[in-house]
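**Student:** First the structure, then my questions, so here it is.
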Amino acid sequence: MATLETLERRLQELEDREGIRECLARYTFNADLGHYEEWARNFTPDGVMDTATEHLVGYEQLLGHLQDPSGSQKAIEHRSTHNTVNLFIRVAGDTAWAEGYQLILVKDVDGDERRVYRMGLNHWDFEKIDGRWFIQKRIRREVGQKAGDEDVIKDYLNT
Amino acid sequence: MATLETLERRLQELEDREGIRECLARYTFNADLGHYEEWARNFTPDGVMDTATEHLVGYEQLLGHLQDPSGSQKAIEHRSTHNTVNLFIRVAGDTAWAEGYQLILVKDVDGDERRVYRMGLNHWDFEKIDGRWFIQKRIRREVGQKAGDEDVIKDYLNT
Amino acid sequence: MATLETLERRLQELEDREGIRECLARYTFNADLGHYEEWARNFTPDGVMDTATEHLVGYEQLLGHLQDPSGSQKAIEHRSTHNTVNLFIRVAGDTAWAEGYQLILVKDVDGDERRVYRMGLNHWDFEKIDGRWFIQKRIRREVGQKAGDEDVIKDYLNT
């Protein structure tokens, strides 16, 4: 039978899922609009980004990734949309994980064409600090890369 | 400590976010499927759409925008999908705002090709009337347009 | 005035919507990653998929659809992302329906190009069994097919 305590616990879980969706919305806006510091601070201080070609740890490395003039993000800055879809989320207190896709669309430098640029498979770990959710670890692999899609999205199978 | 009143307030906030997602789903279906009047009535009576090239106010102007035989929507009607993603929502009583992307994909008139047609950055203001959420104002700018992405999505930075 | 019973009913509705979003996330992961049995078991035992060209009923037919070496899914397996967006959901006890889009993006077999492959209009019926949501029926039509978009997404108009 429902009590204030059981209802609050269930409500908190739904609020946490909203907080995680917001964290990932922040990620996309900050990446596309060139808010480097906000993007890096959306990870925990020990945050990790593992993209097969890069393994970044902590604020300075994450910030450097976005600011690198020859980096992957600078190449599409202000012409891109990162789009997070199909989120599958599990919360356990102040930690959580999610799996889902993040698609990047890009407008050409010249002309009016837009195209599908990347299709990423993702597993994220999150931590809640002072009521706000942050990315603790992001593992990303590109669809169709050799062995790219084997290991990243799998925890949902066990729930 | 939780009370019925505090739990109901938190629950109402989550229900309002669902209502806002529904309002934007209605927008996409009505636009793509040619439901002109339903599309225009999904705004408040004083509803505004600001797209850089157009500034529409109120039901008649909004309706005219969709019905215009030489307009931007008629050009892609029944070949398009509008797709709203990365929603960041804030509710305050019977008003709310959201920021996020709306991507348009279009199938060619002839042939079997589909392409990315538009990538819009959006700030929406909403009002709740008789329990249902409506768009009071939509500001939209295209990704990659000169100055297009500077000002539209920014309120999320302050939350 | 709010009671534990009314709050729990409203909370349950939100949890059910989350469960339906999860069911559709499972659909996309299983389809793209080649989890045939999990994909077929994500329907109820009498589950139906109606795609205009195919009318599949029950686990064996659904499983066969994905495993068919000359089928539509095998053709894009491990190169695709299915993406469910703009969900409009209504729950009634242990049944529910949703309407929305499912877009498929595909990476070319050779080369590094990615493209918009399909844009599907969908009406889903769901059933909750032992606390988990399953697809009981999926009706899908392709945008821009003759008569494709007339009848599938319409129930949202009446809510």
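Chains as they are written, first to last, in the working numbering: chain A, 1 to 159; chain C, 1001 to 1159; chain D, 2001 to 2159. For every residue, glycine included, the Cβ atom is placed at its ideal position computed from N, Cα and C.
Is there a Cβ from chain C that is less than 7 Å from the Cβ of residue 2144/D?
**Tutor:** To locate residue 2144/D, count along the third sequence from 1; it is residue 144. By this cut-off, residue 2144/D is an interface position.
**Student:** On the DSSP letters alone, give me the boundaries of the beta strand (DSSP E) that residue 98/A sits inside.
**Tutor:** Sequence index remark: in the first sequence, residue 98/A carries index 98 (1-based). Looking at the DSSP string, the run of the beta strand (DSSP E) that includes residue 98/A is 95 to 107.
**Student:** With C-beta atoms as the reference, is residue 1020/C less than 7 Å away from residue 1126/C?
**Tutor:** Stepping through the second sequence from its first residue, residue 1020/C is reached at position 20. Stepping through the second sequence from its first residue, residue 1126/C is reached at position 126. Result yes, Cβ atoms of residue 1020/C and residue 1126/C sit closer than 7 Å.
**Student:** Check distances from the C-beta atoms of the stretch 73 to 98 of chain A to those of chain C and list, in chain order, the residues that come in under 9 Å.
**Tutor:** Per Cβ criterion, the list reads 78, 79, 80, 81, 82, 83, 84, 85.
**Student:** Please go through the same chain and pick out, in chain order, the residues whose beta-carbon is closer than 8 Å to the beta-carbon of residue 1155/C, but skip the five residues on each side of it.
**Tutor:** Locating residue 1155/C in the second sequence gives position 155, where the first residue counts as 1. Cβ within range, chain order: 1090, 1097, 1099, 1123.
**Student:** For residue 92/A, count the other beta carbons within 10 Å of its own beta carbon; 16 or more makes it buried, fewer makes it exposed. Which is it?
**Tutor:** By 1-based counting over the first sequence, the position of residue 92/A is 92. Flag for residue 92/A reads exposed.
**Student:** If you run the structure through DSSP and keep just helix, strand and coil, what is residue 1110/C?
**Tutor:** For the purposes of this step, residue 1110/C is identified with residue 110 of the second sequence, where counting begins at 1. Coil at residue 1110/C, not helix or strand.
**Student:** Rounded to the nearest angstrom, what separates residue 1055/C and residue 1049/C at their Cα positions?
**Tutor:** Along the second sequence, read from residue 1 onward, the residue named residue 1055/C stands at position 55. Along the second sequence, read from residue 1 onward, the residue named residue 1049/C stands at position 49. Approximately 6 Å, taken between the alpha carbons.
**Student:** Since residue 107/A meets chain F, which of its residues come closer than 8 Å, beta carbon to beta carbon?
**Tutor:** No chain F is part of this structure, whose protein chains are labelled A, C and D.
**Student:** Going along chain A, which residues have a C-beta under 7 Å from residue 2028/D?
**Tutor:** The residue you call residue 2028/D lines up with position 28 of the third sequence. Per Cβ cutoff of 7 Å: 86.
**Student:** Relative to chain C, which residues along the stretch 6 to 38 of chain A have a C-beta separation below 8 Å, given in chain order?
**Tutor:** Cβ contacts with chain C come from 7, 8, 11, 14, 15, 18, 21, 22, 24, 25, 26, 28, 29, 32, 33, 35, 38.
**Student:** Distance cutoff 7 Å, beta carbons only. Does residue 1062/C sit that close to anything in chain D?
**Tutor:** Taking the first residue of the second sequence as 1, we reach residue 1062/C at position 62. By this cut-off, residue 1062/C is not an interface position.
**Student:** Name the residue from 1039/C, 1034/C, 1047/C whose alpha carbon lies nearest to the alpha carbon of residue 1026/C.
**Tutor:** Indexing the second sequence from 1 puts residue 1026/C at position 26. Of 1039/C, 1034/C, 1047/C, the residue nearest in Cα terms is 1039/C.
**Student:** Using a threshold of 7 Å, state whether the C-beta atoms of residue 1101/C and residue 1116/C are closer than that.
**Tutor:** Start at 1 with the first residue of the second sequence, and residue 1101/C comes out as number 101. Start at 1 with the first residue of the second sequence, and residue 1116/C comes out as number 116. No, Cβ-Cβ distance for residue 1101/C and residue 1116/C is not below 7 Å.
**Student:** Against residue 973/C, what residues of chain D qualify as contacts under a CB-to-CB distance less than 7 Å, listed in chain order?
**Tutor:** Residue 973/C is absent from the model: chain C starts at 1001 and stops at 1159.
**Student:** On the criterion of 16 or more Cβ atoms from any shown chain inside 10 Å, does residue 2030/D qualify as buried, or is it exposed?
**Tutor:** Sequence index remark: in the third sequence, residue 2030/D carries index 30 (1-based). Residue 2030/D comes out buried.
**Student:** Which value, in whole angstroms, describes the spacing of the CA atoms of residue 1080/C and residue 1136/C?
**Tutor:** Residue mapping note: residue 1080/C aligns to position 80 of the second sequence, counting from 1. Residue mapping note: residue 1136/C aligns to position 136 of the second sequence, counting from 1. C-alpha separation (whole angstroms): 24 Å.
**Student:** Could you tell me the boundaries of the alpha helix (DSSP H) in which residue 2026/D lies?
**Tutor:** Residue numbering aside, residue 2026/D sits at position 26 when the third sequence is read from its first letter. Element bounds for residue 2026/D: 2004 to 2033.
**Student:** Using DSSP's beta-bridge definition, name the partner residues of residue 2152/D.
**Tutor:** Numbered from 1 along the third sequence, position 152 holds the residue referred to as residue 2152/D. Partner(s): none; residue 2152/D has no beta bridge.
**Student:** Under 8 Å between beta-carbons, which chain A residues line up against residue 1103/C? List them in chain order, please.
**Tutor:** Position 103 of the second sequence, counted from the start, is the residue given in the question as residue 1103/C. Here the neighbours are 81, 83, 105.
**Student:** Checking 7 Å against the spacing of the C-beta atoms, do residue 152/A and residue 119/A come in under that value?
**Tutor:** Indexing the first sequence from 1 puts residue 152/A at position 152. Indexing the first sequence from 1 puts residue 119/A at position 119. Their beta carbons are not under 7 Å apart, which means residue 152/A does not touch residue 119/A by this criterion.
**Student:** I'd like the list of long-range same chain contacts for residue 1088/C, defined as Cβ closer than 7 Å, with 5 residues on each side in sequence excluded.
**Tutor:** To locate residue 1088/C, count along the second sequence from 1; it is residue 88. Hits under 7 Å: 1098, 1099, 1100, 1156.
**Student:** Looking at residue 1073/C: is its Cβ nearer than 7 Å to the Cβ of residue 1063/C?
**Tutor:** Locating residue 1073/C in the second sequence gives position 73, where the first residue counts as 1. Locating residue 1063/C in the second sequence gives position 63, where the first residue counts as 1. Contact: no.
**Student:** Count the other C-beta atoms from every protein chain shown that fall within 10 angstroms of the C-beta of residue 2076/D, then say buried if there are 16 or more, exposed otherwise.
**Tutor:** The sequence position of residue 2076/D within the third sequence is 76, counting from 1. It is buried - the Cβ of residue 2076/D has at least 16 other Cβ atoms within 10 Å.
**Student:** Quick one: residues in its chain with C-beta nearer than 6 Å to the C-beta of residue 2132/D, no 5 flanking neighbours on either side, listed in chain order?
**Tutor:** The residue labelled residue 2132/D in the question sits at position 132 within the third sequence. Same-chain partners within the cutoff: there are none.
**Student:** Measuring CA to CA, which of 1107/C, 1108/C, 1044/C, 1022/C is closest to residue 2158/D?
**Tutor:** If you number the third sequence from 1, residue 2158/D lands on position 158. Among 1107/C, 1108/C, 1044/C, 1022/C, the Cα nearest to that of residue 2158/D is on 1022/C.
**Student:** Have a look at residue 2004/D and residue 1004/C and give me their C-alpha separation to the nearest angstrom.
**Tutor:** To locate residue 2004/D, count along the third sequence from 1; it is residue 4. To locate residue 1004/C, count along the second sequence from 1; it is residue 4. Their backbone Cα atoms lie some 7 Å apart in a straight line.
**Student:** Roughly how many whole angstroms lie between the Cα atoms of residue 1112/C and residue 44/A?
**Tutor:** As a working note, residue 1112/C is residue 112 in the second sequence. As a working note, residue 44/A is residue 44 in the first sequence. Between residue 1112/C and residue 44/A, the C-alpha separation is close to 45 Å.
**Student:** Residues of chain C with a CB under 7 Å from the CB of residue 2139/D: which are they?
**Tutor:** As a working mapping, residue 2139/D is identified with position 139 in the third sequence. Ordered by position in chain C, no residue passes the 7 Å Cβ test against residue 2139/D, which lies about 15 Å from the chain.
**Student:** Does the beta-carbon of residue 2129/D have 16 or more other beta-carbons within 10 angstroms, so that it is buried, or is it exposed?
**Tutor:** Counting from one through the third sequence, the residue named residue 2129/D turns up at place 129. By the 10 Å Cβ count, residue 2129/D comes out exposed.
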